[in-house]
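Q: Dropping the structure in here first, questions after.
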Amino acid sequence: SSFVDFQHVAYLTTSVVHLFVDIEFTDDPHQFEQKFNYRRPLYPILRFLWDEEQGRGKQAIREKALEALQNIEATKPPLLLSFINLFLNDSIFLIDEAIDHMRQIKVQEQERDEGEWEQLAPQEKNEKEMNLQQLVSIARFHNIMSNETVEALSYMS
51 SSFVDFQHVA
61 YLTTSVVHLF
71 VDIEFTDDPH
81 QFEQKFNYRR
91 PLYPILRFLW
101 DEEQGRGKQA
111 IREKALEALQ
121 NIEATKPPLL
131 LSFINLFLND
141 SIFLIDEAID
151 HMRQIKVQEQ
161 ERDEGEWEQL
171 APQEKNEKEM
181 NLQQLVSIAR
191 FHNIMSNETV
201 EALSYMS
């Protein structure tokens with residue numbers, strides 16, 4: 051492939067890690083939830099760089115890890131330390147949110163299945179149904195994102 055001849059794998063790897071970190075500090079008012087969508091396309095790129103035949107992506111990460119160890123007490127955290135911290139925070143948040151939404155889904159499904167919704171006015175019942183569908187959608191998103199984040203953590207560990 052043409053990537054074999056690419057001379058700047060280390061720079062590209064560092065840039066992708068830097069971008070991952072920088073996404074945390076956007077001025078987007080919806081940034082908190084949106085950052086997961088911004089980071090998602092970086093996962094396959096990181097995977098590709100990690101699995102690259104000549105190991106140059108892995109080597110670039112190792113060099114950043116050594117740099118982080120040498121500068122662990124610096125005022126400004128080293129890039130890789132920030133990257134790992136954000137990755138871990140993302141995975142914990144996404145898993146927590148997925149579990150919380152699934153718990154809410156279970157409660158609402160039990161209410162529906164036990165007939166509690168049958169006593170509601172048609173509009174209220176419709177709102178409950180729409181709310182349940184929205185919860186399922188949000189839970190699916192958090193489950194998919196947490197899975198992708200944990201998978202990325204696993205191959206980089």
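The sequence shown runs 51 to 207 under my numbering. Just so you know, even glycine gets a beta-carbon here, dropped at the ideal spot from N, CA and C. In this text the structure is predicted, and so the values were computed from the model without any measurement.
1. Alpha carbon to alpha carbon, what distance is there between Thr76 and Thr63?
2. Helix, strand or coil for Asp72? Go by DSSP, reduced to three states.
3. In the structure shown, what three-state DSSP assignment does Pro127 receive?
4. What is the rounded straight-line gap between the Cα of Val196 and the Cα of Tyr61?
5. I'd like to know whether the C-beta atoms of Leu99 and Lys85 end up nearer to each other than 9 Å.
6. Looking only at its chain, what residues have a beta carbon closer than 7 Å to the beta carbon of Glu174, apart from the 5 residues adjacent to it on each side?
7. Using a threshold of 9 Å, state whether the C-beta atoms of Asn181 and Gln158 are closer than that.
8. Buried or exposed: Ala202, going by 16 or more other Cβ atoms within 10 Å of its Cβ?
9. Of all the options Phe133, Leu92 and Ala189, which has the alpha carbon lying nearest to the alpha carbon of Gln156?
A: On the basis of the coordinates in this document:
1. Approximately 21 Å between the Cα atoms of the pair.
2. Here Asp72 sits in helix by DSSP.
3. DSSP, read as helix, strand or coil, puts Pro127 in coil.
4. It is Ser, not Val, that sits at residue 196 in the sequence shown. Put simply, the backbone Cα of Ser196 is about 27 Å away from that of Tyr61.
5. The answer is no: Cβ separation not under 9 Å.
6. Nothing meets the Cβ criterion.
7. Yes, the pair counts as a contact, with Cβ atoms nearer than the cut-off.
8. With 16 or more other CB atoms across the displayed protein chains lying within 10 angstroms of its CB, Ala202 is buried.
9. It is worth fixing the name first, because residue 156 is Lys in this sequence and not Gln. Nearest C-alpha to Lys156: Ala189.
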